[in-house]
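This report refers to the structure that appears directly beneath it.
Numbering (the UniProt record's numbering), first residue to last: 1 to 78.
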């Protein structure tokens, strides 16, 4: 049997990737925002390898954050 990998490096890597993706989404304008989707997906992959419950919690926070960004963007255009 293979040993299970420690979960801390995966959790830290996943959290860092999601954080970088969020910063790109909030601070970068234009098509470069698509890069944030890659970081968010990679972060979700690493968190899923760690603990699916942790992934669910992070995706809820990311979803609420994206909703907030959409609301702010829409209210600025009105």
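Glycine residues also receive a C-beta, built at the ideal position from the N, C-alpha and C atoms.
Keep in mind that this is a model prediction, so the values were computed, not measured.
- Going by C-alpha positions, residue 26 is about 15 Å away from residue 61.
- The distance from the Cβ of residue 39 to that of residue 17 is about 5 Å, consistent with a contact at the 8 Å cut-off.
- DSSP places residue 30 outside both helix and strand once states are collapsed to three, so it counts as coil.
- The residue from 58, 49, 72, 28 with its alpha-carbon nearest to that of residue 10 is 49.
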